[in-house]
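Residue numbers (my numbering), protein chains in the order written: chain A, 5 to 73; chain B, 49 to 297; chain C, -10 to 350.
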Amino acid sequence: MAHIIIDETRCKSCFICVGTCPKGLIKKSDKVSKLGDNLVEFKDDKNECLGCAMCATRCPDMAITGVYK
Amino acid sequence: MQVFSIPKSMKENAKFTFCPGCDHGIAVRLVAELLDEMDLKEKTILAASIGCSVFLYDFLDIDSIEAPHGRAMAEATGVKRARPDKFVFTYQGDGDFASIGLAESTHAALRAENLTGICINNTTYGMTGGQHGPTTLIGQKTTTSPMGRFRETYGYPIRIAEHIALCEGTAFSARVALDTVPHINQAKKALRKAFQVQLDGLGYGFVEILSTCPTNWKMTPDEAHERVKNEMIPVFPLGIFKDVTDISE
Amino acid sequence: MESYSDKQLIKGNYAIAEAAVKAGCECYFGYPITPQTEIGEYLSQRMYDLKRGYVCAESELAAINMVIGAVSTGAKAMTSSSSCAVALMQEGLSYACADELPVVLVNVMRAGPGLGYIYPAQGDYYQAVYGGGNGDYKITVLAPSTVQECIDLTYRAFYLAQKWRNPTMILADGLLGQMMEPASYGEYPYPEIDNSSWALTGAKNREGRAIYSCARDEDKQNEHIRHLFRKYELIAKEDTDWEEFNTEDADIILIAFGSMTRNIKAAMKVLRAQGLKVGAFRPITLSPFPTNRLNQLADNVDRFITVEMNMGQMVNDVKLAVNGKAEVDLINRPVGQWLSVEEIVEGVKQIISKGVQYASI
């Protein structure tokens, strides 16, 4: 099952991934980082993730540490 | 099947110290991916630079020597002449490569040094807080051009990839951007070529990477990528300006 | 019985260049400037023949940094230049000290300040010993006085640079660079130093190595600078070098460095013949300076007179060494024609008879 792994300790809340996912599966989370910024979360209830890795390709901090297809 | 993972050439647990949304992280990752894919890590020596690019030796698990501001290409030349079997590259900002280091960068290309140069062009001096630099666009406001860059006082920005392409010893020169996924894929392709021409002994390989500086541009990362598309690419067109391996012409 | 000397008539600049080759210099990087240009001219052909590295650098800034790049891989490398262009290399020397890199640099001094001119001078004592780069650092400085020493001290410079991982300068002057004398190369007399613990060779079977001076941690930087200065103390202890003549009974000691040493030795003989108890002293390493020895000598000497082709630079290090135990005077000319033996003798007599402390000829 295609999915991604997000390392929250690497995320700097730039939200580039949010606008990148073609299926809109990455959203701002209520959870905040230690700097007080909102983190992001991956929610794929309908198994829509393509494993396209566009999110990981654009993430400047390699916070998306794994993409599985 | 895992289709994306952190490159092995990255140091374990290394985290980028760039500002949120800065494209530097993408560029460094592409370099690390290529070091993995081309099996170069064990023979690589980096001539590091000054500016936001300075901390590369914190991120990449390779041998590196720091260079004073602008002198990375001179040091890279020294490394390569002493050890021609090593893979040697520089990773510099536009101020380092094309302002204070323009002589070193140009002459390394003219000497057809088997080196690879990577220049991050974000139209400003990022590390010092966003001053006017060699690639600042006409009209762009910076802390040292608060009224916007205008010709009478500041002159014009330099088109680095075209300049390097004009040097006879250059084997490959391209300009790429990191604002979209297709552009990132093109950037990796160009970097691979710039690495390969060195390995093949064809001469100087160079890639200019249009990059964002959301902090100093005072923009969100998404706005910054819009600026790359709408303001930078029209002045700094993407493309390959020289490729001696291209026999289609 | 026939015996042949292996001495040849060699020009100082060529002596330095060929000695570098024999010391195992793998790369030379340089930019032309009179009066040292023959070094680069000679090495352009020699290094090509030997399949070693040679680059006509685009500037002295580039040249010193090319040396830094080459030595970072464990190779022996050198650049050469002169006065106003060595000024351009000061940044590189500061980096090389901070990064502990065995850079070898030759300065064949010309006249300054500014462009000055190509006649010889010794105005770069401060530049060499105290440096023009930023931060706390010291390079090792060797000052030859004959063409033979151009060879011997070039060998020594490569050895000391490697031994201490510290930039080492050969401070010659236009007179020495352009002069021909009989000299012999012999063999490079020093052991090779193992640099495998730090040289950049590619991260094979080990972690990546980074050589850099960027110091984000204040405590670490304090420790690093203290480490450098502990090293400088060791260099001073083990490798300070000087020559002295007739110092045992001397009331007056003449002091000079580089090729001026030749004239103070001759002046010493003239003055001795006239009944004055004069000795001569010559630092071979200007940095580290033979401070302790001068201080010892000061216990039994009335007067030190330094003879320099500048407005008085080394004289201040002599004063620091003597520390008030004896008079310290100066005979000097800023640039050009070397002070002759007669002029030095005359200067010494003026100083003695009139009690003046300054005899500018």
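For each residue, glycine too, the CB sits at the ideal point set by N, CA and C.
If you're wondering where the values come from, they're calculated on a predicted model, not measured in any experiment.
Might you give, ordered along the chain, the residues of its own chain that have their beta carbon closer than 7 Å to the beta carbon of residue i, omitting 5 neighbours on each side?
i	result
Phe107(B)	Met58, Lys59, Ala62, Phe64, Val76
Pro182(B)	Asp142, Gly143, Ala146, Ser147, Pro205, Ile206
Met267(B)	Arg275
Ala225(C)	Pro277
Ile10(A)	Val44, Phe46, Ala67, Ile68
Ile232(B)	Ile74, Leu226
Arg251(C)	Ser134
Leu29(A)	Phe46, Lys47, Asp48, Glu52, Cys53
Met5(A)	Asn51
If you measure from the beta carbon of residue i to each beta carbon in chain E, is any gap under 8 Å?
i	result
Arg131(B)	The structure shown contains no chain E; the protein chains it does contain are A, B and C.
Between residue i and residue j, how many whole angstroms is the CB-CB distance? I'm expecting something under 8 Å.
i	j	result
Met121(B)	Ala96(B)	That belief does not hold up - the Cβ atoms of Met121(B) and Ala96(B) are roughly 12 Å apart, past 8 Å.
Leu16(C)	Gly126(B)	In the sequence on display, residue 16(C) carries Cys and not Leu. At roughly 7 Å, the Cβ-Cβ gap stays under 8 Å, so Cys16(C) and Gly126(B) are in contact.
Gly217(B)	Leu158(B)	5 Å
Asp291(C)	Glu316(C)	7 Å
Phe243(B)	Val292(B)	Incorrect: roughly 15 Å between the Cβ atoms, too far for contact.
Cys139(C)	Ala161(C)	6 Å
Glu85(B)	Ile200(C)	In fact, because the Cβ distance is near 26 Å, the residues do not count as touching under 8 Å.
Tyr139(B)	Leu104(B)	6 Å
Cys18(A)	Pro269(B)	4 Å
Leu328(C)	Val307(C)	So it is not a contact: roughly 17 Å between Cβ atoms.
Ser112(B)	Gly197(C)	7 Å
Asn222(B)	Val255(B)	Residue identity check: residue 222(B) is Ala in the sequence provided, not Asn. Yes, Ala222(B) and Val255(B) are in contact; Cβ-Cβ is about 5 Å, under 8 Å.
Gly81(C)	Ile57(C)	6 Å
Ser53(B)	Gly70(A)	6 Å
Val136(B)	Ala151(B)	With a Cβ gap of about 19 Å, Val136(B) and Ala151(B) do not count as contacting.
Do residue j and residue i count as a contact pair if the criterion is CB distance below 8 Å?
i	j	result
Arg129(B)	Gly42(C)	yes
Cys63(A)	Pro26(A)	no
Lys11(C)	Tyr177(C)	yes
Tyr72(A)	Val229(B)	no
Ile186(B)	Arg197(B)	yes
Leu67(B)	Thr263(B)	Reading off the sequence shown, one finds Cys at residue 67(B), where the question assumed Leu. Yes; because the gap between Cβ atoms is below 8 Å, this pair is in contact.
Ile107(C)	Thr229(C)	no
Leu39(C)	Thr274(C)	no
Val97(C)	Gly19(C)	no
Gln137(C)	Ala76(C)	no
Ile244(C)	Leu265(C)	no
Ile159(C)	Val95(C)	yes
Met298(C)	Arg322(C)	yes
Asn305(C)	Asn284(C)	no
Asp125(C)	Ile214(C)	yes
Thr190(B)	His180(B)	yes
Gly63(C)	Asn194(C)	no
Ala256(C)	Val337(C)	yes
Ala66(C)	Ala59(C)	yes
Ile110(B)	Lys134(B)	no
Ser248(C)	Lys(-4)(C)	no
For residue i, which residues from the same chain have a beta carbon less than 8 Å from its beta carbon, with the 5 sequence-adjacent residues on both sides left out?
i	result
Gly103(C)	Cys73
Glu27(C)	Lys0, Asn2, Tyr3, Ala6, Gly166
Apart from the five residues on each side of it in sequence, which residues of its chain come closer than 6 Å, Cβ to Cβ, to residue i?
i	result
Ala150(C)	Pro91, Val93, Thr157
Cys261(B)	Asn170, Thr172, Gly174
Tyr31(C)	Tyr3, Ala6
Pro279(C)	Thr229, Trp231, Pro272
Glu12(A)	Leu43
Ile288(B)	Ala222
Asp41(A)	Ser17
His2(A)	No answer is possible for residue 2(A): it lies beyond the span of chain A, which begins at 5 and ends at 73.
When Cβ atoms are compared, which residues of the region 6 to 35 of chain C fall closer than 8 Å to chain B?
-> Glu15, Cys16, Phe18
Starting from the N-terminal side, write out each stretch of the alpha helix (DSSP H) that is 4 residues or longer and does not extend beyond the region 157 to 181 of chain C.
-> 163 to 167
Please list the segments of the beta strand (DSSP E) lying wholly inside the region 206 to 232 of chain B, counting only runs of 3 or more residues, in order along the chain.
-> Within the region 206 to 232 of chain B, the complete beta strand (DSSP E) segments at least 3 residues long are 218 to 225, listed from N- to C-terminus.
Length-filtered (4 minimum) alpha helix (DSSP H) runs lying within the region 222 to 281 of chain B = 229 to 247, 262 to 265, 269 to 275
What are the start and end residues of each continuous beta strand (DSSP E) run of 3 or more residues lying completely inside the region 238 to 263 of chain C, in chain order?
-> 241 to 244
Against chain B: residues of the region 45 to 60 of chain A by CB proximity under 8 Å = Gly55, Ala57, Met58, Ala60
Can you give me, in chain order, the residues of the region 105 to 135 of chain B that have a beta carbon less than 7 Å from any beta carbon in chain C?
-> Tyr105, Leu108, Asp109, Ile110, Asp111, Ser112, Ile113, Glu114, Ala115, Pro116, Arg119, Ala122, Glu123, Ala124, Thr125, Gly126, Val127, Arg129, Ala130, Arg131, Lys134
Compile a chain-ordered list of the residues in the region 15 to 31 of chain A whose CB is closer than 8 Å to at least one CB of chain B.
-> Lys16, Ser17, Cys18, Phe19, Ile20, Gly23, Thr24
Contact residues within the region 188 to 219 of chain B, judged by C-beta distance below 9 Å to chain C | Residues of the region 188 to 219 of chain B whose Cβ lies closer than 9 Å to any Cβ of chain C: none.
Chain C contacts made by the region 223 to 251 of chain B, where a contact means CB separation under 8 Å = Within the region 223 to 251 of chain B, contact with chain C at the beta-carbon level (separation under 8 Å) is assigned to no residue.
Under 8 Å (Cβ pairs) to chain C, residues found in the region 71 to 92 of chain B = Listed in sequence order: Lys89, Glu90, Lys91, Thr92.
Could you pull out every unbroken alpha helix (DSSP H) segment of at least 4 residues lying fully inside the region 50 to 86 of chain C, listed in chain order?
-> 72 to 75
Name, going along the chain, the residues of the region 175 to 193 of chain C whose beta-carbon falls closer than 8 Å to a beta-carbon of chain B.
-> Leu189, Thr190, Gly191, Ala192, Lys193
Write down every uninterrupted run of the beta strand (DSSP E) in the region 112 to 199 of chain B whose length is 3 residues or greater and which is fully enclosed by it, in chain order.
-> Listed in chain order, the beta strand (DSSP E) runs fully inside the region 112 to 199 of chain B are 135 to 141, 164 to 169, counting runs of at least 3 residues.
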